[in-house]
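So the protein sequences, as listed, match chains G and L.
Heads up: the first sequence runs through residues 1428 to 1812, numbered per the working numbering.
Heads up: the second sequence runs through residues 336 to 581, numbered per the working numbering.
Structure record follows, encoded as structure tokens.
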Amino acid sequence: MRTLKLLIRNAFRHKLRSGLTILGITIAILAFGMLRTMVNAWYAGVEASSANRLVIRNSISIVFPLPIAYKDKIRQVSGVNLVSWGNWFGGVYIEEKNFFPNFAVEPKSYLALYPEYVIPDLQRTTFLNDRKGAVAGRKIAEKFGWQVGDTVTLKGTIFPGNWEFAIRGIYKGRDRSVDETQLFFHWDYLNETMKKTASRRADQVGFYMIGITNPNLAGEVSTTIDATFKNSLAETLTETEKAFQMSFVSMTEAILIAIQLVSIVIIVIIMAVVANTMAMTARERIGEYAIFKTLGFGGWFIAGLIFGESLVISLTGTAIGIGLTFPVAEAFHDYLGTYFPIFFVERHTVYLDIAAGVLVGLVAGLFPTWRAVNIRIADGLRRIG
Amino acid sequence: MTDPVTACDGQGPPVDLENQPVIVEVRNVNKAYLRGNHVIPVLQEINFDIRAGEFLALMGPSGSGKSTLLNLIAGIDKVDSGTIVIGGVDITALDETELAHWRATNVGFIFQFYNLIPVLTAFENVELPLQLTGLSRSERREHVEMALRVVNLSHRMDHYPSQLSGGEQQRVAIARAVVTDPTILVADEPTGDLDRVSAKEIMSLMCRLSRESGKTIIMVTHDPKAAEAAQVIRHLDKGSLNDAHP
Ligand SMILES: Nc1ncnc2c1ncn2[C@@H]1O[C@H](COP(=O)(O)OP(=O)(O)OP(=O)(O)O)[C@@H](O)[C@H]1O
Ligand SMILES: [Mg+2]
């Protein structure tokens, strides 16, 4: 169609100006998309949590343990169908900077609680039968080149010594939101070693992770459990996995809000830049718009020309920006994957990008359109020459 | 090529106006502009007729209101009072949208500064007013090619305005003005920005449109040489008309 051709040619009439504007939009959309992705990555643990899982920890602080003896009383609470437990191990592979999360857990119940960790049946069986066995996430195994059957040594930080594990399985996430950078091994292995070397620290767990039959029971079950251990040596705090994860995120919530604000500010700034470009362009073209009007073209046509041009520019920048977000996020993940185990551009972010691009285009076209439509033809024609 | 004495030399006789119906009636037209809180009267009690096929030149000093009067007749400006009836339609009674439709079919515009759309080729520029008609693509092509043939630019139809000389651009503008076969052609200093040779070419073309195609033309000009091509010359001075014939 001629009109489409016209507005595309108009959009690229000043190649340098349009090019720079598009570059600006591209960078803004890229920055916007990356910041959003970063915020999403931060909340990944919260998003991945299940409403069927509760976490029990020492009510004073997560760093204080709970006795293993609690497990039998917890099992008796109605609504509880699975009880698992574990310790944050904090082992280091070769050197500090190779950080990744590793836990000692009661393996059978833990894997039952986390169906999103997908392990081949054979690997699962050998892992469960090997006291010194461990399962590692796909990403961390790839990173360190671990294969099933390899022996891996972790240097203990909380639990001193060199700990050897046999990799018996490699788990994959059921979907992209599952953290594939963790390692799990038998809690019994940890506990028995403790019994021999530091008996004071034996029979203690960092947390209980329990499954409930129905998410609606979360409140009731939590209250019952915490009441059970009230006035005992170690009082408990039971909360949903989501609330538990959220308690980590909320420590940094101010930063997240700041990041989100910055991402909006970026869009507002680029909006002003594009609006300025469009105002400049439309001012130069006022005579041309007057000619269109003289020939009998209506206000809608003029509005279409200006908004169309504005949208061509903003959406071109947006498209390039979105196209770049994926490889940049990929590179970012490769570089900082240990801090952001789940880092990918969500579909929702792409929709937000597009919405931002459309919004920028429309807002930028608003004022010039209003002017061009309302200027008297005779005045518009005077601007020529 | 011999240099003709006037733009109309070698062309047929002018239209016999006596037997032509009145096509434009300007009655008691007044127009003033507001500058700050000063009212600046531009046109006062203007009355005259234009007959079908007439080639009228509007002359007068700068600021006398020639462009204003032309714009009123062409329907791109509004009178303060008075009526302008063109082809039986009182255009002072039309609203913006009606006026836009009326212009699209009844008026062909030629301005001093060519006024072509720079991103469109000669062909596309001429085709522009036809986009508002119900013509099919092939009909439009036919009309555009014919109009470009009239102005002798068929071979340049794929060129952009920047690739054409001033005179050629003005010829494209004339083709665009005539392509819809409008009731009246209005031209505001069509030769004002051209050198003598190109100006004469344009006037010769205007003359041909008048004499051979019987177009009704209203042209504002400063140039007495250009006015020679017209049949009727009217002088505007300080907002009033003083009639004169060549
Ligand atoms: N939009 C406007 N606002 C205020 N004054 C105007 C406006 N348009 C025209 N005028 C004034 O009206 C008067 C007539 O203007 P017009 O353009 O019709 O003159 P003109 O005869 O065409 O002059 P020129 O030969 O220089 O083109 C001038 O004094 C001009 O300054
Ligand atoms: Mg003028």
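Heads up, the beta-carbon is just placed ideally off N, CA and C, and yes, glycines get one too.
6 Å CB neighbourhood of residue i in its chain, flanking five on each side removed
i	result
D1630/G	I1495
R475/L	E462, L465
Q1609/G	P1528, G1564
A457/L	R491, M492, H494, V507
N1437/G	E1736
K1720/G	I1804
A1834/G	Look at the range of chain G in this structure, 1428 to 1812, and you will see that residue 1834/G is not part of it.
Reduced DSSP secondary structure (H/G/I, E/B, other) of residue i
i	result
H580/L	Per-residue confidence for H580/L stands at a pLDDT of 46, beneath the threshold of 50, marking its modelled position as unreliable; no derived number is given.
Y495/L	coil
N306/L	Coverage of chain L is limited to positions 336 through 581, which leaves residue 306/L absent and any answer about it impossible.
Y1497/G	helix
Y1598/G	strand
G1480/G	First, the residue type needs correcting, since residue 1480/G is Arg and not Gly in the sequence shown. If DSSP states are grouped into helix, strand and coil, R1480/G belongs with the strands.
N1556/G	helix
I1521/G	coil
H1827/G	Shown here, chain G extends from 1428 to 1812; a query on residue 1827/G therefore has no answer.
D516/L	coil
Y1635/G	strand
D344/L	coil
R324/L	One cannot answer for residue 324/L here, as it falls past the ends of chain L, which runs 336 to 581.
E480/L	helix
G1812/G	Residue placement at G1812/G cannot be trusted, given a pLDDT of 43 that sits under 50; the coordinates are not used to answer.
Q466/L	helix
Q1550/G	helix
L378/L	strand
Cβ shell of residue i (< 8 Å), same chain only, five flanking positions each side left out
i	result
P453/L	Y495, P496, S497
G1600/G	E1543, Y1544, V1545, G1564, R1565, D1606, E1607
T1796/G	A1709, I1729, A1730, I1733, F1734
S1476/G	T1667, E1668, K1669, F1671, Q1672
G395/L	K401, H570, L571, D572
T1776/G	G1460, R1463, T1464, N1467, T1752
Continuous alpha helix (DSSP H) stretch holding residue i: start and end
i	result
G1748/G	1726-1763
G1451/G	1442-1469
I534/L	Looking at the sequence itself, residue 534/L is Ala, so the reference to Ile does not match. That run of the alpha helix (DSSP H) goes 531-546.
I1571/G	One detail in the question is off: residue 1571/G reads as Phe in this sequence, not Ile. Start and end: 1565-1571.
H557/L	Taken as a continuous stretch (DSSP letters only), H557/L belongs to no alpha helix (DSSP H), as it is neither H nor E.
V1648/G	1645-1655
A1438/G	1429-1438
N1529/G	No alpha helix (DSSP H) contains N1529/G, which is instead part of the beta strand (DSSP E) from 1529-1532.
T403/L	401-408
Extent of the continuous beta strand (DSSP E) run through residue i
i	result
T1704/G	No beta strand (DSSP E) contains T1704/G, which is instead part of the alpha helix (DSSP H) from 1680-1711.
V570/L	It is worth fixing the name first, because residue 570/L is His in this sequence and not Val. That run of the beta strand (DSSP E) goes 567-572.
S1511/G	1507-1515
S416/L	416-421
H1613/G	1610-1613
T1663/G	1663-1667
I445/L	442-445
A564/L	Here A564/L belongs to no beta strand (DSSP E), and DSSP marks it neither H nor E.
T1580/G	1578-1582
Own chain residues within Cβ distance below 7 Å of residue i, not counting five before or after
i	result
L467/L	A439
V1575/G	Q1550, I1594, R1595, G1596, I1597
I426/L	G410, I419, L434, W437
D338/L	Its pLDDT being 48, under 50, D338/L is placed unreliably by the model, and the measurement read from it follows with that caveat. Nothing listed; no residue qualifies.
Y368/L	I375, V377
D528/L	Q447, F448, G501
heavy atom of ligand 4 below 7 Å from residue i C-beta
i	result
K573/L	Only ligand 1 and ligand 2 can be found as ligands here, which leaves ligand 4 out of the picture.
Selection of the stretch 1433-1453 of chain G by Cβ proximity to chain L, strictly under 7 Å: For chain L, the residues of the stretch 1433-1453 of chain G that bring a beta carbon within less than 7 Å of one of its beta carbons are L1433, R1436, N1437, R1440, in chain order.
Residues from the stretch 410-427 of chain L in contact with chain G, defined by Cβ distance under 8 Å: Only I411, D412 from the stretch 410-427 of chain L bring a Cβ to less than 8 Å from some Cβ of chain G.
Given 8 Å, three or more beta-carbon pairs between the stretch 1443-1463 of chain G and the stretch 1577-1588 of chain G: Segment contact: the stretch 1443-1463 of chain G against the stretch 1577-1588 of chain G, fewer than three CB-CB distances shorter than 8 Å; contact not assigned.
Chain L contacts from the stretch 1776-1787 of chain G (Cβ-Cβ distance under 7 Å): Only those residues of the stretch 1776-1787 of chain G whose C-beta falls short of 7 Å from the nearest C-beta of chain L would be listed, and there are none.
At least 3 beta-carbon pairs within less than 8 Å: the stretch 535-550 of chain L vs the stretch 358-376 of chain L: Fewer than three beta-carbon pairs drawn from the stretch 535-550 of chain L and the stretch 358-376 of chain L are found closer than 8 Å, and the two stretches are therefore not classed as touching.
Contact list for the stretch 1721-1755 of chain G against chain L, Cβ threshold 8 Å: Answer in chain order: T1721, L1722, G1723, F1724, G1725.
Cβ-based contacts, 7 Å cut-off: residues of the stretch 1649-1683 of chain G near chain L: If the cut-off is 7 Å between Cβ atoms, the stretch 1649-1683 of chain G has nothing near chain L.
Members of the stretch 456-484 of chain L that neighbour chain G once the beta carbon cut-off is set at 9 Å: Within the stretch 456-484 of chain L, the residues whose Cβ lies closer than 9 Å to some Cβ of chain G are E459, E462, L463, P464, Q466, L467, listed in chain order.
Meets three-Cβ-pair contact criterion under 8 Å: the stretch 1666-1682 of chain G and the stretch 1752-1761 of chain G: No, they do not touch.
Cβ-based contacts, 9 Å cut-off: residues of the stretch 1589-1601 of chain G near chain L: Contacts with chain L (Cβ-Cβ distance below 9 Å) from the stretch 1589-1601 of chain G involve no residue at all.
Contact the stretch 1657-1671 of chain G vs the stretch 1516-1530 of chain G: 3+ CB pairs below 8 Å: The stretch 1657-1671 of chain G is not in contact with the stretch 1516-1530 of chain G.
Touch test, the stretch 1692-1706 of chain G against the stretch 1531-1541 of chain G, Cβ-Cβ under 8 Å, three pairs minimum: By the criterion of at least three beta-carbon pairs nearer than 8 Å, the stretch 1692-1706 of chain G is not in contact with the stretch 1531-1541 of chain G.
The stretch 390-403 of chain L contacting the stretch 563-574 of chain L, beta-carbon criterion three pairs below 8 Å: Because the criterion of three Cβ pairs below 8 Å is met, the stretch 390-403 of chain L and the stretch 563-574 of chain L touch.
Given 8 Å, three or more beta-carbon pairs between the stretch 1478-1485 of chain G and the stretch 1678-1689 of chain G: With the cut-off at 8 Å, the stretch 1478-1485 of chain G and the stretch 1678-1689 of chain G do not touch.
Cβ contact check for the stretch 481-491 of chain L and the stretch 519-528 of chain L: 3 or more pairs under 8 Å: As far as the Cβ criterion goes, the stretch 481-491 of chain L does not touch the stretch 519-528 of chain L, which means the pair count is below three.
Against chain L: residues of the stretch 1693-1725 of chain G by CB proximity under 9 Å: Within the stretch 1693-1725 of chain G, the residues whose Cβ lies closer than 9 Å to some Cβ of chain L are G1714, E1715, A1717, I1718, F1719, K1720, T1721, L1722, G1723, F1724, G1725, listed in chain order.
Cβ-based contacts, 8 Å cut-off: residues of the stretch 359-376 of chain L near chain G: Answer in chain order: no residues at all.
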